[in-house]
Amino acid sequence: MIDWQVGVAAHGAANHDEGDAEADTETETETETETLRQRQTSGSFDFGTDSLSESAGNASERADRTAQPPSEASTTLAPVVRISKALAAQLNDAALYRDARRWAFLYKVIWRWHHGDRAVASPADIDGARLHHVAKAVRRDKHDMIAYVRFRQCAEVAEGEPEYIAWYEPAHDILAWGAEQFAQRMGSARWLIATPSGAASWDGATLHLQHDHAQRGAIAPDAAEALWLAYYRSTFNPARLNETALHQHMPVRYWKGLPEGPLIPEMISAAKSGAQRLAQAHRVGALQGKVIPIEAEAAQPMRAAPSSLAACRRCELWQHATQPVNGEGPANARIMLLGEQPGDQEDLSGRPFVGPAGQLLDEVIERAGLARGDLYLTNAVKHFKWTPRGKRRIHKTPAQREVEACAMWLEHEVQRVQPEVIVTLGATALGALLGKKVSLQSCLGKPFELNGMHVIATYHPSFALRRDDAGGREQVAGAIRNALAQAAALLDAPDDHVNVRA
């Protein structure tokens, strides 16, 4: 913290009774205005690592001065001035504001405070408003220095020379403050920050400040700069360009010190030209054209059929699934069980009906007097569609377009296996087989023929697992068992007796 002490000999000593009453809420600071001016304009300082926690000045020297008994001269010429912590913070920042009359203004603020005029700290006061304005400008400049200083690593470094060099042009006298921040951040790495009004360097142990005027020299780009520029280009989104906000948060005067600075005008120009082309496209698209009636199926683009299920990209489900799940069973199976889609465990194992619904189905198959090894089990949709819920993947019903995208694979399976009876498990499987949405309730227990095959519709085993009561679960499982029994009966039944019930 910068200490403040004002010579007020011509106006008498301070009122200590008033100061004692405010001692709990205010902090005591002691420095002459001339001393502060010398701190800001002296030629060079060395700050050891132990003093980096102080933004200006030396805490131990201040403690020694406080412990010593005041001399008669100091009592007469520089009485103690008590100011609040908030005002001290404002003065610390305002002292770094680059203005020829800053010291006279700060003296005026402290003079008014010392004589009981507390309005000087209020933004509603003319001097208070100016104090808040200059302090805010300095705080913004501090923020910008941390944000926009770009170090470049030197390729060849001699012993004792800085490894990293940066050029920066601050608006105010914040070089010493910023240098301490970077000294704390960069550890033992040696660096140099050059500015038009001086330079700061860190040798790993001591911070050096030189207040000589400097000119910007050529700084060679480091090895990683090309990678950074490629990343910067790739992350730029022209559609979200807000040039006003860009200039507000990254003023143009900082661009010349940034490696990506030369790219910014180029990318802005390209984004503007792209916006113009997009606007022209909207105008052209709004023009009235000739409407050519065409069926939706004929409007679909021609795509080459994938050679294998693993290469299928006919819908988006493959992007989030572990793998496709093929059908499983004998190539000449007489009964095919058709489900909706793989579940979580099926997606991981690559086999159909191995999860909780599959375990229930195995029990029902056994109760119906059949063997799983004699059946062909498959699904209408070959990839697992899910939605995240915490750490779990929850089943999500596939959309109609996703069912239609997998219809090709279902047709291939039916043609290859050529079952005599197909048992559809659930409404999605029934709709996929028929190529249209059908009410499951209207088909339950009513076998019908399709392309020379018998079709029996029943519930999906997962529907039984979702029932809360044991009676409801047993009722659904019984309906599935009846459907499987019907399928077994239809294998030996005459063609004119398809509507039999088990």
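In this note's numbering, the protein residues as written are 363 to 864.
Beta carbons are placed, not taken as given, at the ideal position from N, Cα and C, and that holds for glycine.
Query, Result
"Who does A562 pair with in a DSSP beta bridge?", "I555, L571"
"Quick check on R843: buried or exposed, where buried means 16 or more other Cβ atoms within 10 Å of its Cβ?", "buried"
"In chain order, which alpha helix (DSSP H) runs of at least 4 residues are fully inside the region 655-719?", "706-711"
"Out of G701, L787, L792, E773, state which residue places its alpha-carbon closest to the alpha-carbon of A841.", "L787"
"Work out the CA separation of S550 and A761 for me, nearest whole Å.", "60 Å"
"Using only alpha-carbon positions, find the residue among L671, K808, V726, P718 that is nearest to M770.", "L671"
"Identify which residue in A450, V765, A567 has its Cα closest to the Cα of A791.", "V765"
"Could you pull the DSSP bridge partners for W529 from this structure?", "A556"
"Quick one: any contact between the region 677-692 and the region 728-744, if contact means 3 or more CB pairs under 8 Å?", "yes"
"Give every residue of the same chain whose Cβ lies closer than 7 Å to the Cβ of A749, excluding the five residues on either side of it in the sequence, and list them in chain order.", "Residue identity check: residue 749 is Thr in the sequence provided, not Ala. Same-chain partners within the cutoff: I756, K758."
"Count the other CB atoms within 10 Å of the CB of E708; is the residue buried (16 or more) or exposed (fewer)?", "buried"
"Can at least three beta-carbon pairs, one atom from the region 551-566 and one from the region 594-608, be found at a separation below 8 Å?", "no"
"Could you name the residues that DSSP lists as bridge partners for P624?", "Answer is none; P624 lacks a bridge partner."
"DSSP on R501, reduced to helix/strand/coil?", "helix"
"Which value, in whole angstroms, describes the spacing of the CA atoms of Q546 and G752?", "40 Å"
"Roughly how many angstroms lie between the CA atoms of E690 and K799, to the nearest whole one?", "26 Å"
"Which of helix, strand or coil does DSSP assign to E865?", "Residue 865 lies beyond the stretch modelled for the chain, which goes from 363 to 864, so this question has no answer here."
"Under a Cβ-count criterion, where at least 16 other Cβ atoms within 10 Å of its own Cβ denotes burial, should N813 be classed as buried or exposed?", "exposed"
"Taking contact to mean at least 3 C-beta pairs separated by less than 8 Å, is the region 448-455 in contact with the region 487-504?", "yes"
"Taking the alpha-carbon of K504 as reference, which of R835, I536, Y738, E587 has the nearest alpha-carbon?", "I536"
"Does the pairing of the region 819-839 with the region 716-733 give three or more beta-carbon distances under 8 Å?", "yes"
"By the DSSP assignment, the beta strand (DSSP E) with T759 in it spans what residues?", "Note, T759: premise wrong, no beta strand (DSSP E); not H, not E."
"If you reduce the DSSP assignment to three classes, tell me which class I536 lands in.", "coil"
"Output the distance between the C-alpha atoms of M698 and R754, rounded to the nearest integer angstrom.", "30 Å"
"Pull up the DSSP beta-bridge partners for Y738, would you.", "M698"
"Going by other Cβ atoms of all chains shown within 10 Å of its Cβ, with 16 needed for buried, is V519 buried or exposed?", "exposed"
"Taking buried to mean at least 16 other C-beta atoms within 10 Å of its own C-beta, is A421 buried or exposed?", "In this prediction, A421 scores a pLDDT of 36, lower than 50, which makes its location untrustworthy; the coordinate-derived value is nonetheless stated afterwards. Exposed, because fewer than 16 other Cβ atoms sit within 10 Å of the Cβ of A421."
"Take K652 and list the residues in its own chain whose beta-carbon comes closer than 7 Å to its own, dropping the five residues that flank it on each side.", "none"
"Label E396 either buried or exposed according to how many other C-beta atoms from any shown protein chain fall within 10 Å of its C-beta, with 16 as the threshold for buried.", "The predicted model places E396 with a pLDDT of 44, which falls under 50 and marks its position as unreliable; any figure quoted below should be read in that light. Burial call: exposed."
"If I follow the unbroken alpha helix (DSSP H) through W475, where does it start and stop?", "464-476"
"So, T307 versus L710, is the Cβ gap smaller than 7 Å?", "Here the chain covers residues 363 to 864 and nothing more, so residue 307 does not appear."
"By a C-beta neighbour count over all protein chains shown, 10 Å radius and 16 as the cutoff for buried, is V776 buried or exposed?", "buried"
"Would DSSP call A586 helix, strand or coil?", "coil"
"Helix or strand or just coil, what does DSSP make of E811?", "strand"
"Considering only residues of the same chain and omitting the five flanking positions on each side of A938, which have a CB-CB separation below 7 Å?", "With the chain covering 363 to 864 only, the question about residue 938 has no answer from this structure."
"Looking at H534 and Y459, is the spacing between their C-beta atoms short of 7 Å?", "yes"
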